[in-house]
Amino acid sequence: MSDYFWFEGIPFPDTVYKREIIEESHDKFVIRDEDTVIVSYPMSGNNWLIEIVCLIQNKGNPKWIQSVLIWERSSWIETKKGLPILINTEGPRLMSSHLPLHLFPKSFFRSKAKVIYVIRNPRDVLVSAYFFLHNTKIIDNPESLGTYIEWFLKGNVPYGSWFEHTRNWLSMRENDNFLLLSYEDMKKDSINIKICDFLGKKLEPDELDLVLKYSSFQAMKENKMSNFSLVSEDVVNNGLVLMRKGITGDWKNHFTVAQAEAFDKVFQERMAGFPPGLFPWK
Ligand code: A3P
């Protein structure tokens, strides 16, 4: 794959990532006890969760989310632009990452920092990534969804195998400083109370209503600080859309029966041993 460089077994698109930065974020970047990190495999709802947490931190006041770019409110640990912002920020930081567990900053494992890990039906993740990548210059476009399914099942996609990423991060799920959420659960309004509890925030019912209102799919689609319309033209083809559909089960509109069966087989093999309740999708 000429679009990628490989680091510790993981393919990173060389259009947007630098080996030295991944290395620095893993070896040298210091995560502090008071930090919160939002982690997911790409296209699982990471930006949605950033919006929710930013709103919770401000008791539903949308001023911050409407005036500061989402990747500056919660910068990406493993990116050239994000890492220096984080290094230079004092006090409790909110940050994001798609790194697999074995490449995550080593300092995290000696800290009390909190991680919220979001999972999503990998079939929906795959469809979401397929359409998102088509509007970018991040990798050469696969010729069809079928080709992308093949790459995805082999882990030859940005950040590698969904199965490995998820298996490894799920091993953290009993830790006190780890909250596991699913995109499917985030569709339930009550999930924000769980996030508040984890972050030690107490919001009034009207403040929770504001969090819901300003983190809705439509509100985020209209917020140019969050909808990726301001992503650098270096990586965009023509008009990048992050807020595409925002639904669960869209894969059913795109997979053939044979593709769905092939996917199921790999899922059963690779995710054997986990309680089925961990994966709240059909
Ligand atoms: P779709 O392409 O299926 O629409 P990430 O932020 O991790 O890259 O995830 C992107 C996916 O999250 C996209 O999925 C996007 O529409 C969805 N998403 C973003 N904000 C959302 C929101 N407020 N409500 C529901 N889905 C949202």
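With the UniProt record's numbering applied, the sequence shown corresponds to residues 1 to 282, in that order.
For each residue, glycine too, the CB sits at the ideal point set by N, CA and C.
What residues are listed by DSSP as bridge partners for residue 76?
-> By one-based count along the sequence shown, residue 76 stands at place 76. Bridge partners of residue 76: 96.
Who are the near neighbours of residue 243 in its chain, counting only those whose CB is closer than 7 angstroms to its CB and skipping five residues on each side?
-> As a first step, residue 243 is located in the sequence shown; it is residue number 243 there, counting from the start. For residue 243, where only same-chain residues beyond five positions count, the Cβ hits under 7 angstroms are 217, 220, 221 and 227.
Whose C-alpha, out of 277, 109 and 265, is nearest the C-alpha of residue 123?
-> Here residue 123 corresponds to residue number 123 of the sequence shown, with the count starting at 1. Ranking the options by Cα distance to residue 123, first place goes to 265.
With a threshold of 6 angstroms, establish whether the CB of residue 249 neighbours any heavy atom of the ligand A3P.
-> Your numbering for residue 249 matches position 249 in the sequence shown. The answer is no for residue 249.
Give me the Cα-Cα distance between residue 129 and residue 67, rounded to the nearest whole angstrom.
-> Locating residue 129 in the sequence shown gives position 129, where the first residue counts as 1. Locating residue 67 in the sequence shown gives position 67, where the first residue counts as 1. So the alpha carbons of these two residues sit roughly 27 angstroms apart.
Spell out a yes or no on whether the segment 112-119 and the segment 33-51 are touching, meaning 3 or more CB-CB pairs, one atom from each, closer than 8 angstroms.
-> yes
Using a Cβ-Cβ cut-off of 8 angstroms (strictly less than) and excluding sequence neighbours within five positions of residue 172, which residues of its own chain qualify?
-> The count along the sequence shown starts at 1 and reaches residue 172 at position 172. The residues are 101, 115, 117 and 178.
Quick one: give me the first and last residue of the beta strand (DSSP E) that residue 119 is part of.
-> As a working mapping, residue 119 is identified with position 119 in the sequence shown. Unbroken beta strand (DSSP E) run through residue 119: 114-119.
Span of the beta strand (DSSP E) around residue 4 | Your numbering for residue 4 matches position 4 in the sequence shown. Its beta strand (DSSP E) spans residues 4-7.
Bridge partners - residue 13, DSSP secondary structure assignment | Counted from its first residue, the sequence shown places residue 13 at position 13. DSSP lists 4 as partners of residue 13.
What is the C-beta distance between residue 170 and residue 278, in whole angstroms, given that I count them as a contact (C-beta under 8 angstroms)?
-> To locate residue 170, count along the sequence shown from 1; it is residue 170. To locate residue 278, count along the sequence shown from 1; it is residue 278. Contact holds; Cβ gap of about 7 angstroms.
Short check: CB of residue 184 to CB of residue 280, under 7 angstroms?
-> Position 184 of the sequence shown holds residue 184. Position 280 of the sequence shown holds residue 280. Yes; because the gap between Cβ atoms is below 7 angstroms, this pair is in contact.
Inter-residue CB distance, residue 156 and residue 52 (contact presumed, cutoff 8 angstroms) = The residue you call residue 156 lines up with position 156 of the sequence shown. The residue you call residue 52 lines up with position 52 of the sequence shown. Residue 156 to residue 52, Cβ: 32 angstroms. No contact.
C-alpha distance - residue 212 paired with residue 180, whole-angstrom precision | Mapped onto the sequence shown, residue 212 falls at position 212. Mapped onto the sequence shown, residue 180 falls at position 180. One C-alpha to the other measures close to 20 angstroms.
Would you mind sorting residue 73 into buried or exposed? The rule is 16 or more other CB atoms within 10 Å of its CB.
-> Walking along the sequence shown from the start, residue 73 turns up at place 73. Buried: at least 16 other Cβ atoms inside 10 Å.
Heavy atoms of the ligand A3P versus C-beta positions, residues under 5 angstroms = 43, 44, 45, 46, 47, 48, 128, 217, 220, 243, 244, 245 and 246
Are three or more beta carbon pairs between the segment 161-170 and the segment 253-273 nearer than 8 angstroms?
-> yes
How many angstroms separate the CA atom of residue 214 from the CA atom of residue 57?
-> Translated into positions along the sequence shown, residue 214 becomes position 214. Translated into positions along the sequence shown, residue 57 becomes position 57. Looking at the two C-alpha atoms, the distance is approximately 13 angstroms.
Reducing DSSP to helix, strand and coil, say where residue 273 ends up.
-> Translated into positions along the sequence shown, residue 273 becomes position 273. Residue 273 falls in the coil class under three-state DSSP.
Ignore the nearest five residues each way along the sequence and tell me which others in residue 3's own chain have a CB closer than 6 angstroms to its CB.
-> Here residue 3 is taken as the residue at index 3 of the sequence shown, counted from 1. Cβ neighbours of residue 3 beyond the five flanking positions: 13, 139 and 140.
Which first and last residues belong to the alpha helix (DSSP H) in which residue 166 is found?
-> Within the sequence shown, numbered from 1, the residue matching residue 166 stands at position 166. Counting along the chain, the alpha helix (DSSP H) containing residue 166 begins and ends at 162-170.
When DSSP builds the beta bridges, which residues end up paired with residue 180?
-> What you label residue 180 is simply residue 180 of the sequence shown in a count that begins at 1. DSSP output for residue 180 lists 117 as bridge partner(s).
Name the two residues that bound the continuous beta strand (DSSP E) containing residue 68.
-> Counting from 1 along the sequence shown, the entry for residue 68 is found at position 68. Careful: residue 68 lies outside any beta strand (DSSP E) and carries neither H nor E.
Kindly indicate which three-state DSSP category residue 30 falls into: helix, strand or coil?
-> Taking the first residue of the sequence shown as position 1, residue 30 is located at position 30. Three-state result, residue 30: coil.
For residue 191, write down the residues that DSSP places opposite it in a beta bridge.
-> Here residue 191 corresponds to residue number 191 of the sequence shown, with the count starting at 1. In DSSP, residue 191 forms no bridge with anything.
Member of 50, 126, 234 and 150 whose CA lies at the smallest distance from the CA of residue 254 = For this step, residue 254 is matched to residue 254 along the sequence shown. Of the candidates 50, 126, 234 and 150, the one whose C-alpha sits nearest the C-alpha of residue 254 is 126.
Coil, strand or helix - residue 40 by DSSP | Along the sequence shown, one-based indexing puts residue 40 at 40. Three-state DSSP puts residue 40 in a strand.
Just confirm the distance between the C-beta atoms of residue 149 and residue 263, as a whole number of angstroms; I'd bet it's less than 8 angstroms.
-> Here residue 149 refers to the residue found at position 149 when the sequence shown is read from its first residue. Here residue 263 refers to the residue found at position 263 when the sequence shown is read from its first residue. That pair is a contact at about 7 angstroms.
For residue 1, which residues of its own chain have a beta-carbon under 7 angstroms away from its beta-carbon, when the five flanking residues on both sides are left out?
-> To locate residue 1, count along the sequence shown from 1; it is residue 1. Per-residue confidence for residue 1 stands at a pLDDT of 43, beneath the threshold of 50, marking its modelled position as unreliable; no derived number is given.
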